[in-house]
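A.B. asks:
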Amino acid sequence: MSTGTEVRPGTRSGLGQSVRRPDGTPKVTGTFAFSSDLFARGMLWGRTLRSPHPAARIRSIDTSIAERMPGVASVLTARDVPGRPTYGLEHADQPVFASETVRFQGEPIAVVAAEHPELALRAVAAIEVDYEVVTPLTDAEAAIGAAPIHPDGNVFRHLHLRHGDLDAVGAVSVEGSYEVGMQDQAFLGPESGLAIPVDDGGVELFISTQWLHVDRDQVAACLGLPPERVHLTLSGIGGAFGAREDVSLQVHVCLLALRTGRPVKMLYSREESFHGHVHRHPARLWYRHHADPDGRLVKVEARIVLDGGAYASSSTAVIGNAVCFAAGPYRVPNADVDGWAVRTNNPPCGAMRGFGAVQVCFGHEAQMDRLAAALAMDPVELRLRNALAPGDELPTGQVITGTAPVREVIEAAMALEPPPLAATDPPADGTMDLPGGAGLTATRADVVRGTGLAVGFKNLMYSEGFDDASTANVRVELDHRGEPLATVHCAAAEVGQGFVTLAQQIVRSVLGVEQVALRPADTTIGSAGSTSASRQTWMSGGAVELACLAVAEALAERAGYGGGAPDEVLDLDVVELLREGPIDRTRAHHHPPTEPLDEDGQGDAHVSFAFAAHRAVVDVDPELGLVKVRHIATGQDVGRALNPQAVIGQIEGGIAQGLGLAVMEEMLLEDGRLRNPSFTDYLIPTALDMPPVTATLIEQPEPGAPFGAKGVGEPPTISSTPAIVAAIRAATGLELPRIPVRPEHIALAEA
Amino acid sequence: MTGATESYELDVDGRALPVAAAWLGESLLYVLRERLGLPGAKNACEQGECGSCSIFLDDVLVNACCVLAADATDARIRTVEGFGDADHLSDVQAAFLGTGAVQCGFCTPGLILAVHDLLDQVPDPTGLEVREAISGNLCRCTGYGRILQAVEEVKATRSGASGPRGESP
Numbered sequence: 003m004s005t006g007t008e009v010r011p012g013t014r015s016g017l018g019q020s021v022r023r024p025d026g027t028p029k030v031t032g033t034f035a036f037s038s039d040l041f042a043r044g045m046l047w048g049r050t051l052r053s054p055h056p057a058a059r060i061r062s063i064d065t066s067i068a069e070r071m072p073g074v075a076s077v078l079t080a081r082d083v084p085g086r087p088t089y090g091l092e093h094a095d096q097p098v099f100a101s102e103t104v105r106f107q108g109e110p111i112a113v114v115a116a117e118h119p120e121l122a123l124r125a126v127a128a129i130e131v132d133y134e135v136v137t138p139l140t141d142a143e144a145a146i147g148a149a150p151i152h153p154d155g156n157v158f159r160h161l162h163l164r165h166g167d168l169d170a171v172g173a174v175s176v177e178g179s180y181e182v183g184m185q186d187q188a189f190l191g192p193e194s195g196l197a198i199p200v201d202d203g204g205v206e207l208f209i210s211t212q213w214l215h216v217d218r219d220q221v222a223a224c225l226g227l228p229p230e231r232v233h234l235t236l237s238g239i240g241g242a243f244g245a246r247e248d249v250s251l252q253v254h255v256c257l258l259a260l261r262t263g264r265p266v267k268m269l270y271s272r273e274e275s276f277h278g279h280v281h282r283h284p285a286r287l288w289y290r291h292h293a294d295p296d297g298r299l300v301k302v303e304a305r306i307v308l309d310g311g312a313y314a315s316s317s318t319a320v321i322g323n324a325v326c327f328a329a330g331p332y333r334v335p336n337a338d339v340d341g342w343a344v345r346t347n348n349p350p351c352g353a354m355r356g357f358g359a360v361q362v363c364f365g366h367e368a369q370m371d372r373l374a375a376a377l378a379m380d381p382v383e384l385r386l387r388n389a390l391a392p393g394d395e396l397p398t399g400q401v402i403t404g405t406a407p408v409r410e411v412i413e414a415a416m417a418l419e420p421p422p423l424a425a426t427d428p429p430a431d432g433t434m435d436l437p438g439g440a441g442l443t444a445t446r447a448d449v450v451r452g453t454g455l456a457v458g459f460k461n462l463m464y465s466e467g468f469d470d471a472s473t474a475n476v477r478v479e480l481d482h483r484g485e486p487l488a489t490v491h492c493a494a495a496e497v498g499q500g501f502v503t504l505a506q507q508i509v510r511s512v513l514g515v516e517q518v519a520l521r522p523a524d525t526t527i528g529s530a531g532s533t534s535a536s537r538q539t540w541m542s543g544g545a546v547e548l549a550c551l552a553v554a555e556a557l558a559e560r561a562g563y564g565g566g567a568p569d570e571v572l573d574l575d576v577v578e579l580l581r582e583g584p585i586d587r588t589r590a591h592h593h594p595p596t597e598p599l600d601e602d603g604q605g606d607a608h609v610s611f612a613f614a615a616h617r618a619v620v621d622v623d624p625e626l627g628l629v630k631v632r633h634i635a636t637g638q639d640v641g642r643a644l645n646p647q648a649v650i651g652q653i654e655g656g657i658a659q660g661l662g663l664a665v666m667e668e669m670l671l672e673d674g675r676l677r678n679p680s681f682t683d684y685l686i687p688t689a690l691d692m693p694p695v696t697a698t699l700i701e702q703p704e705p706g707a708p709f710g711a712k713g714v715g716e717p718p719t720i721s722s723t724p725a726i727v728a729a730i731r732a733a734t735g736l737e738l739p740r741i742p743v744r745p746e747h748i749a750l751a752e753a
Numbered sequence: 497m498t499g500a501t502e503s504y505e506l507d508v509d510g511r512a513l514p515v516a517a518a519w520l521g522e523s524l525l526y527v528l529r530e531r532l533g534l535p536g537a538k539n540a541c542e543q544g545e546c547g548s549c550s551i552f553l554d555d556v557l558v559n560a561c562c563v564l565a566a567d568a569t570d571a572r573i574r575t576v577e578g579f580g581d582a583d584h585l586s587d588v589q590a591a592f593l594g595t596g597a598v599q600c601g602f603c604t605p606g607l608i609l610a611v612h613d614l615l616d617q618v619p620d621p622t623g624l625e626v627r628e629a630i631s632g633n634l635c636r637c638t639g640y641g642r643i644l645q646a647v648e649e650v651k652a653t654r655s656g657a658s659g660p661r662g663e664s665p
């Protein structure tokens, strides 16, 4: 790992250091309050009735038996929603409860509140719904022209990017079709929340979410309350990865609390969680790459169809990303990319780590390998030859004005000697280390090894003209011992990534105040935007920095300096200056404005970009189709590592999710029905599946970014998947056009 | 209302805790979390797959979601709450903090107990033995690298060796 991060003098636990989490001790002792741990005296338990059918008309709903059951306090359906009957992140097209039409399996029909979770479960089972089952529309390609299954139509967004000379052709061209299955975020902490009615007719909601303020606005609209009567406080979050960006139980639990006048807790089971949040869009991709004989890309053509499932969620932004990044981090003078996000009766899809860039990276990286083969060229050399660099133009016409160390991330990923085959032969750790692990089925002599490289990138922050600003308040005062104490208030959702640590580091580095407290994130301060799009370090980190600078300016004024925050703030006698009283400043941080894409997909739509490359080494038993990922080497563009240990944690965690998509994870759908909604049947990587990772951080401070830092959460998930599949292809010689790669794709492949 | 209820007592972290008028169908996980105010054992799957509810039952590591509470009246139950508090962290808890093995923290209590269980039984496990021993505890945030590093540090400290290791083993 490269170092060299500057730390301001006199600062302990500041920026650039691997500072410990402020919430770490409660987390290791079991006292940290996750939303599922919350409790209120006299609280009821809420539970949801969900449709077993992916598509149906509802003839009638009879709740009378459930309502009469002892211990049941309330049963609510669509007719009990006092405000707007629908909600949605970008388009309010999703009913709070299905009343006439069911559009996906698991769609909520009713909720109950009861004295005990078991009673709530029984009450749900006692609700009688008469369904007229309809044939579900489950094929995304067919949905484009099919009869609409929603008044808003079946196409969420069609975006046709055209750039340069569309008639250009290369001396060499390669064509391929690819498919990506539906991945689940599979955070460990299930959806949960506690709603408490307030005397003024409003409601207080303690909730695990990625964005308090859009939850608040959606909940208030559906409750028919002004937003100021709906107060949200962030509770402990057991992971998110995009799945908590949409509303799940928020409206339901508040409705129950307001109706019963009692606190109500809702907690999804794992099965319900699979039905209760959006997933990564499955994709069908077609590509044709053109290159000149030297391997320089001439044109990329692509068609992308994303299955958005029953409701819009963030599909319009996901397809925007997929189209923008369809060609990968390469110089592509001419491009023709036709992208669709469509509505079907499959489970709704929306945000997941990587957000549209993951799906297309699987396609463009397979194409680069195919092109290298057609050119008889080294695939690494082909990528280096086309690697984006600062000043290059993207297929959207946007010129990269910030850093773009594509060459550097590739070289870093390739720099390390691959682990030698000899390490497994003879076995260092016994047969457990072979593909198939504890199954002990692979034969050592049959195991073959492959190595693959992939490169990817995506945008940081929201794009296409959206101003996803963040707000922070910093208050500095003397504590009861007369020591300086800074308190940060920001609505940024801490989902595990470590924003709470970073906020403290920023205050220490900018103000030189060691003691930094954090107020709970809630809606009494302005929005911080979503914890997504790798944006909180930049956006909310920037807001905390601005508030600190404003405090520094006020301190300087007290000290008699005029105009502007002096760099000397760290030398001021803060204790003396604070004797006059606390200083409290709130600041909002906006990123530079972006613009919407035009009808040809052209425009300066993005703020900044982050890049990563992964080299995977895999062992495969071709007869059994078993894969063991042996090692991942990565180079990642981080701008500047503000907390190196936390950066490594993001990289390793993101790679694990990429590995899952490559060889393990898929929500298996059959006519719109989910066949594996459990951790028994939906497998995520364990410690045995995850290989050692060697990460090299490329630190080129990003101009305009607070502290020069880029967000680091998403890039590890983008190119790790195609790198692993490329390695399996190298080991087996198979095309493997679909992820996740299953044993039968290898063992039963036609030679 | 739920059916048969009964009052009984559980031996948790060395304390005799009364459980009053509880439905006999409740899991040990539910009773610990909702009746005894001990939320350290988590509830990520409630079907014995994720390990987030790991506890010790008579010194055997089990998933509390798969044990009926009323069946555990004769057992010694030990939860993460009994392993250390903020002022007295166990060596495993301290290592998780120091290595960055904690992100969202939902898997953390279960993993800490799994690592205690391993290192108490096998003081010097190989890398693969460590991976196998914690493979019943799912983590979605970390990719396990820093958790494995934490285990290495506890191993090293307990055996008197010194110095953290760089890469995940």
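Residue numbers (this note's numbering), protein chains in the order written: chain A, 3 to 753; chain B, 497 to 665. We put the CB at the ideal spot given by N, CA and C, even for glycine.
Would you tell me roughly how many angstroms separate the C-alpha atoms of valine 478 (chain A) and leucine 520 (chain A), rounded to the nearest one?
C.D. replies: 12 Å
A.B. asks: Does the Cβ-Cβ distance between threonine 604 (chain B) and lysine 712 (chain A) come in under 8 Å?
C.D. replies: no
A.B. asks: With a threshold of 8 Å between beta-carbons, can glutamate 193 (chain A) be considered close to chain B, or not?
C.D. replies: no
A.B. asks: How do the segment 452-464 of chain A and the segment 711-727 of chain A stand: do at least 3 beta-carbon pairs fall below 8 Å, yes or no?
C.D. replies: yes
A.B. asks: Helix, strand or coil for methionine 268 (chain A) per DSSP?
C.D. replies: Three-state DSSP puts methionine 268 (chain A) in a strand.
A.B. asks: What are the complete alpha helix (DSSP H) segments, minimum 4 residues, inside the segment 631-717 of chain A?
C.D. replies: 646-665
A.B. asks: Under the three-state reduction of DSSP, which class applies to glycine 583 (chain A): helix, strand or coil?
C.D. replies: coil
A.B. asks: Within 8 Å (strictly less), CB to CB, does alanine 582 (chain B) reach chain A?
C.D. replies: With a threshold of 8 Å between beta carbons, alanine 582 (chain B) makes contact with chain A.
A.B. asks: Hey, could you find the ends of the beta strand (DSSP E) alanine 324 (chain A) is sitting in?
C.D. replies: Here alanine 324 (chain A) belongs to no beta strand (DSSP E); instead the alpha helix (DSSP H) covers 317-326.
A.B. asks: Check whether the segment 178-185 of chain A touches the segment 533-549 of chain B, counting contact only when three or more Cβ pairs, one atom from each stretch, lie closer than 8 Å.
C.D. replies: no
A.B. asks: Starting from glutamate 134 (chain A) and walking both ways along the beta strand (DSSP E), at which residues does that stretch end?
C.D. replies: Unbroken beta strand (DSSP E) run through glutamate 134 (chain A): 130-135.
A.B. asks: Shorter than 8 Å from the beta carbon of aspartate 620 (chain B) to some beta carbon of chain A?
C.D. replies: no
A.B. asks: Per DSSP, which residues does arginine 754 (chain A) bridge with? Please list them.
C.D. replies: In the structure as shown, chain A begins at 3 and stops at 753. Residue 754 (chain A) is therefore absent and cannot be evaluated.
A.B. asks: Count the CB pairs spanning the segment 148-164 of chain A and the segment 66-83 of chain A that are closer than 8 Å, and state whether there are at least three.
C.D. replies: no
A.B. asks: Less than 8 Å separating the beta-carbons of glutamine 507 (chain A) and histidine 277 (chain A)?
C.D. replies: Going by C-beta atoms, glutamine 507 (chain A) is not nearer than 8 Å to histidine 277 (chain A).
A.B. asks: Taking only three categories from DSSP, how would you classify valine 650 (chain B)?
C.D. replies: It is helical.
A.B. asks: Closest to phenylalanine 36 (chain A) by CA distance: which of A:Glu485, A:Pro192 and A:Glu419 is it?
C.D. replies: A:Pro192
A.B. asks: Helix, strand or coil: how does DSSP classify alanine 488 (chain A) here?
C.D. replies: strand
A.B. asks: What does DSSP give as the partner residue(s) for tyrosine 289 (chain A) in the beta ladder?
C.D. replies: A:Gly178 and A:Ala304
A.B. asks: Would you check if the segment 608-627 of chain B and the segment 629-649 of chain A touch, i.e. whether three or more CB-CB distances between them fall below 8 Å?
C.D. replies: Judged by Cβ distances under 8 Å, the segment 629-649 of chain A makes no contact with the segment 608-627 of chain B, as fewer than three pairs qualify.
A.B. asks: Output the distance between the C-alpha atoms of alanine 561 (chain A) and isoleucine 585 (chain A), rounded to the nearest integer angstrom.
C.D. replies: 13 Å
A.B. asks: Tell me which residues share the same chain as isoleucine 402 (chain A) and place their Cβ nearer than 6 Å to its Cβ, disregarding the 5 neighbours each side in the sequence.
C.D. replies: Pro392 and Asp394
A.B. asks: Examine chain B for any beta-carbon lying closer than 8 Å to the beta-carbon of arginine 22 (chain A), and answer yes or no.
C.D. replies: yes
A.B. asks: Can you give me, in chain order, the residues of the segment 119-151 of chain A that have a beta carbon less than 7 Å from any beta carbon in chain B?
C.D. replies: Glu120 and Leu121
A.B. asks: From the DSSP output, in three-state form, read off phenylalanine 592 (chain B) for me.
C.D. replies: helix
A.B. asks: At 8 Å on the CB atoms, spell out the chain A contacts of leucine 634 (chain B), in chain order.
C.D. replies: Within chain A, the residues placing a beta-carbon under 8 Å from that of leucine 634 (chain B) are Leu190, Phe681, Ile686 and Thr688, ordered along the chain.
A.B. asks: So, helix, strand or coil for leucine 199 (chain A), using DSSP?
C.D. replies: Per the sequence shown, the amino acid found at residue 199 (chain A) is proline instead of leucine. Proline 199 (chain A): strand per DSSP, three-state reduction.
A.B. asks: Counting beta carbon pairs with one atom in the segment 249-267 of chain A and one in the segment 653-669 of chain A, are three or more of them shorter than 8 Å?
C.D. replies: No, the segment 653-669 of chain A does not touch the segment 249-267 of chain A.
A.B. asks: With distances taken between CB atoms, is the gap from arginine 231 (chain A) to aspartate 202 (chain A) smaller than 8 Å?
C.D. replies: Yes, the Cβ-Cβ distance between arginine 231 (chain A) and aspartate 202 (chain A) is below 8 Å.
A.B. asks: Could you tell me which of B:Val611, B:Val576, B:Gln543 and B:Ala500 sits nearest to asparagine 559 (chain B), measuring between CA atoms?
C.D. replies: B:Gln543
A.B. asks: Return the chain-ordered list of same chain residues with a C-beta closer than 8 Å to the C-beta of histidine 747 (chain A), the five sequence neighbours on each side being excluded.
C.D. replies: Gly627, Leu736, Leu738 and Arg740
A.B. asks: Just to confirm, is the Cβ distance from alanine 170 (chain A) to asparagine 336 (chain A) under 8 Å?
C.D. replies: yes
A.B. asks: In or out: glutamate 625 (chain A) buried (at least 16 other Cβ within 10 Å) or exposed?
C.D. replies: Glutamate 625 (chain A) sits exposed, since fewer than 16 C-beta atoms from the chains shown fall within 10 Å of its C-beta.
A.B. asks: Looking at the strands, I want to know which residues DSSP matches up with leucine 161 (chain A).
C.D. replies: Within the DSSP bridge table, the entry for leucine 161 (chain A) names A:Gly341 as partners.
A.B. asks: How long is the line joining the alpha carbons of cysteine 635 (chain B) and alanine 319 (chain A), rounded to whole angstroms?
C.D. replies: 29 Å
A.B. asks: Relative to the C-alpha of leucine 557 (chain B), which candidate in B:Asp567, B:Val611, B:Gly510 and B:Gly521 has its C-alpha closest?
C.D. replies: B:Val611
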